[in-house]
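Chains as they are written, first to last, in this note's numbering: chain A, 1430 to 1848; chain B, 1430 to 1848.
Number of protein chains: 2
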Amino acid sequence: MATTDRAVAEELDRADPLAAYRERFLAPEPGLVYLDGNSLGRLPATTAGRLAEAVTEQWGRGLIRSWEHWIELSQSIGDEIAAGVLEAEPGEVIVSDSTTVNLYKLAAAALDARPDRRVLLTDDDNFPSDSYVFQGLAAARGLELRVIETDLDEGLSAAAVRAALDEDVALASFSHVAYRSGAIADLVDITGAAHDVGALTLWDLSHSGGSIPVPLRSAGADLAVGCTYKYLCGGPGAPAYLYVRRDLQAQMRQPIWGWFGQRDQFGMVGRYDAAPGLTRFLVGTPPVLSMIGVREGVRVVAEAGIEALRAKGQALTSYLIDLADAWLTPLGFRLASPRDACRRGSHVTLHHPDAWRICRALIERYDVVPDFRTPDRLRLGPAPLTTSYADVWEGLDRLRRLIESGAHESYPTQRSRVT
Amino acid sequence: MATTDRAVAEELDRADPLAAYRERFLAPEPGLVYLDGNSLGRLPATTAGRLAEAVTEQWGRGLIRSWEHWIELSQSIGDEIAAGVLEAEPGEVIVSDSTTVNLYKLAAAALDARPDRRVLLTDDDNFPSDSYVFQGLAAARGLELRVIETDLDEGLSAAAVRAALDEDVALASFSHVAYRSGAIADLVDITGAAHDVGALTLWDLSHSGGSIPVPLRSAGADLAVGCTYKYLCGGPGAPAYLYVRRDLQAQMRQPIWGWFGQRDQFGMVGRYDAAPGLTRFLVGTPPVLSMIGVREGVRVVAEAGIEALRAKGQALTSYLIDLADAWLTPLGFRLASPRDACRRGSHVTLHHPDAWRICRALIERYDVVPDFRTPDRLRLGPAPLTTSYADVWEGLDRLRRLIESGAHESYPTQRSRVT
């Protein structure tokens, strides 16, 4: 049987130990192939009910009294992420704000902790919002922002980081999984290299948390942030999480002093006194309804288990690449992700000079949802928790048929506001 | 008929032009008297349905494609707040982050805009989280935080601000309505005084927006932030809003540079280029589900109209004070809010040495929900949109009966985590 035979996908699905988890999510529209779980995770079946209960019972009827239930949500969901998603201890992860605000808080705290050093190190494959935060901090503080040039298809190498590190570096910050290529950076090796010169590390786990193991403990990683609306299925724009290694917490201070980070929050005293532990990294009132969604998503991910998700993620993306090699390379596509499954997260990206129009046509005419990333990349994210091998076969078969039909050529080359 | 006669309340309710709005909110538990709408506004009847639709249809079925609807929510809800809640223009208000994060962004932007000035001016009656933000900024930048001593019952006076202002002041920031007493600061006069010395102003509208007119335009106010989960009924921890006067927007830069504040967000270019207008004050992905709640709350407030809400707020709080004078003053209570209705927002605070235990007993034994504020204050917030005169009568009658029974004396004096 050829790899490209649909029966192969069906056989793989029958053997998939995570297959039953697809029933734990709202069924998609019939015929839709969703390959963008790396951008917005699907809706867990329990979430709508939990949210309705939170809205009507907790807010509507419990009113202000429900704060007794809500006041520790940031900490308790953080602990669930630490235990079920990351390799971290209770009290090392907390949910708050957006990923970018958290990145700002932790980067500023790290720079304050290394006041005699003048360099913030990152790479040009980091997510743009991360890069913008660093540009802002470097400009405000007169620091050097040192930017490693990374191969956008193969990802950041530990050797390149090592070459760029010196004792002027206060903080080195990178994405664990690259948002374009899905390339995995070696979190353990790079953290060690930074520590060798006395620098702190700040990892963005947005594209890794919930899809691959995140070895924070093995690495002795210092700081991290991550997103809950991708692989953690927390809902659109759901609050992000941050991690600070326990022994660093007492010595670090973030710059946005607010009442949720105050030791005696309702004492309403005049003088700010940073709360012990991770609570000092909180700022204002968290968006409770969006937090409820995070809790549901994290629970289903944790139940499936990161090791099982990783195994399936490797198998799914390898299968996708096999199909792309057979069907799409002859049509002008080229792999823009590492070919080695060990170096790749749970999404795969393909170059094509017409990627933008192909992306639009695929969504509108073929009911397949990938996304586009500049300048010429089609990103395919078969999230392991919710995607079948048959979805991958179907998505790539339709993509092949689209290209053969030339239907994308009637689409405008002008990009829309959201890609 | 005596003021304290319940029939007076019933008569006032019959004449209340906003009476029908109570049907626009989820009915409370039978017997509950909710006097904490200034802390967490009640649930609009439409919100649960809109949220369920957003969860199931937009997130669950629309998935990533729904970002076409969500991408402008911050701006469009901001415009609804500008038009229906504040005295501001389209493009001057935007929804994002928490009140405290917004305060940090705007205060930092203001200090950057007055780099030759060394003083940040506030008062000791400002909300603690605001004060913490200013302490953090002053510490980070080596600025003087100048704190006016305010009478906590009568509120900030324009004369005291004028006396504290000089040409060293970069930014003067106060609450429009004091969180403890409900005292209104003279936004127009104080803004003018600050402008006279070349300082910028930053108003916290959390306890005024949605309950009293906010004369930003008349004042020529510079900057403001506000909360959506109190009088705007947006839901627990719903995202906050910020205001920047149009002519200031182009010259101001906030410190947290993120992709939602970038000119070409999905261009994913390497260099941060602040978006035009208010969009540059955004940072990361907004919590969409919580935003949906804000939109519903703002719409019902705007439909009722701020002038009508103000009229009823004055009448309700005056009625409450009349009952307190008759029933509670003899029992050891003392008014901790301005007696003049023109100087008072929509909540009233009473001193009592046993306020904490009274608050707990009132909630647990008498089904009346006020809140406690340190050190000895019982805060009663009869939000005009959702509270009847009969609610006020009932709440104060039960409070009187509680004190007479002495039931609160069996409660612990130790305060709980959330007050």
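Positions of the beta carbon are idealized from the N, C-alpha and C atoms, including for glycine.
Relative to the C-alpha of residue i, which residue among the options is closest?
i	options	result
B/T1476	B/D1465, B/W1488 and B/L1455	B/L1455
A/A1512	A/R1806, A/R1724 and A/V1462	A/R1724
A/M1681	A/S1495, A/G1810 and A/P1705	A/P1705
B/P1804	B/L1814, B/C1788 and B/G1810	B/C1788
B/D1595	B/E1573, B/A1623, B/V1437 and B/I1577	B/A1623
B/R1609	B/S1775, B/A1744, B/G1621 and B/F1689	B/S1775
B/V1798	A/S1495, A/A1444 and A/D1820	A/S1495
B/D1651	B/E1486, B/V1606 and B/L1600	B/L1600
A/P1767	A/V1462, A/R1786, A/V1698 and A/Q1743	A/Q1743
A/A1819	A/R1435, A/A1431 and A/M1430	A/R1435
A/A1755	A/L1825, A/T1816 and A/G1491	A/L1825
B/S1647	B/G1621, B/R1575, B/C1656 and B/A1483	B/G1621
B/V1514	B/A1431, B/G1726, B/D1800 and B/M1430	B/G1726
B/T1868	B/L1661, B/R1763 and B/V1698	Only positions 1430 to 1848 of chain B appear in this structure, which leaves residue 1868 of chain B out of reach.
A/S1839	A/D1800, A/R1806, A/W1822 and A/A1790	A/A1790
A/R1773	A/V1598, A/G1611 and A/A1538	A/G1611
B/F1695	A/L1581, A/G1466, A/D1541 and A/D1800	A/D1800
B/D1633	B/N1531, B/A1538, B/W1822 and B/G1835	B/N1531
A/L1441	A/R1827, A/T1816, A/D1615 and A/P1841	A/T1816
B/P1782	B/E1732, B/V1643 and B/T1842	B/T1842
With H, G and I counted as helix, E and B as strand and the rest as coil, what does DSSP make of residue i?
i	result
B/W1686	coil
B/V1712	coil
B/H1780	strand
B/Y1533	helix
A/R1547	coil
A/E1596	coil
A/E1482	helix
A/Q1487	helix
B/I1641	coil
A/G1810	strand
A/S1525	strand
B/D1702	coil
Cα separation between residue i and residue j?
i	j	result
B/R1543	A/L1831	57 angstroms
A/H1636	A/F1556	10 angstroms
B/A1587	B/T1579	11 angstroms
B/T1433	B/G1584	28 angstroms
B/G1663	B/R1846	24 angstroms
A/H1837	A/P1811	22 angstroms
A/L1718	B/D1545	43 angstroms
A/R1471	B/G1489	6 angstroms
A/D1559	B/Q1683	16 angstroms
B/G1649	A/A1589	53 angstroms
B/L1760	B/W1785	16 angstroms
B/L1757	B/Y1748	13 angstroms
B/R1794	A/A1607	56 angstroms
B/Y1658	B/L1671	14 angstroms
B/E1521	B/R1674	6 angstroms
B/A1753	B/A1438	14 angstroms
A/L1447	B/L1745	59 angstroms
B/A1765	A/T1630	50 angstroms
A/L1469	A/G1666	9 angstroms
A/G1734	A/K1741	11 angstroms
A/V1407	A/S1604	With chain A represented from 1430 up to 1848, any question about residue 1407 of chain A goes unanswered, as that position is not in the structure.
B/T1848	B/V1698	46 angstroms
Could you work out which residues of chain D lie near residue i, taking near to mean beta carbons separated by less than 8 angstroms?
i	result
A/I1792	In the structure shown, chain D does not exist; the protein chains are A and B.
May I ask you to list the residues that DSSP assigns as paired with residue i?
i	result
B/W1632	B/F1603 and B/A1653
B/L1764	B/L1779
A/F1801	A/L1807
B/E1573	B/V1548
A/L1671	A/I1523 and A/V1654
B/A1612	B/R1773
Subject >> Members of the stretch 1659-1687 of chain B that neighbour chain A once the beta carbon cut-off is set at 7 angstroms >> reply: G1664, P1665, G1666, A1667, P1668, P1684, I1685, W1686 and G1687
Original post:
For the stretch 1489-1500 of chain B, which residues have a beta carbon sitting closer than 8 angstroms to at least one beta carbon of chain A?
Top reply: G1489, R1490, L1492, I1493, R1494, S1495, W1496, E1497, W1499 and I1500
**OP:** Check distances from the C-beta atoms of the stretch 1552-1575 of chain B to those of chain A and list, in chain order, the residues that come in under 7 angstroms.
**Re:** D1553, P1557, S1558, S1560, Y1561, V1562, Q1564, G1565 and A1569
Subject >> Members of the stretch 1718-1749 of chain B near chain A, C-beta cut-off 7 angstroms >> reply: L1718, S1719 and G1722
**OP:** Residues of the stretch 1600-1612 of chain B with a CB closer than 7 angstroms to any CB of chain A: list them in chain order, please.
**Re:** none
Original post:
In chain order, what residues of the stretch 1521-1537 of chain B put their CB closer than 7 angstroms to some CB of chain A?
Top reply: D1526, S1527, T1528, T1529, V1530 and Y1533
Subject >> Where the stretch 1776-1808 of chain A meets chain B: residues whose CB sits under 8 angstroms from a CB there >> reply: I1792, V1798, D1800, R1802 and T1803
Subject >> Positions along the stretch 1695-1709 of chain A whose CB lies within less than 8 angstroms of some CB in chain B >> reply: F1695, G1696, M1697, V1698, G1699, R1700 and Y1701
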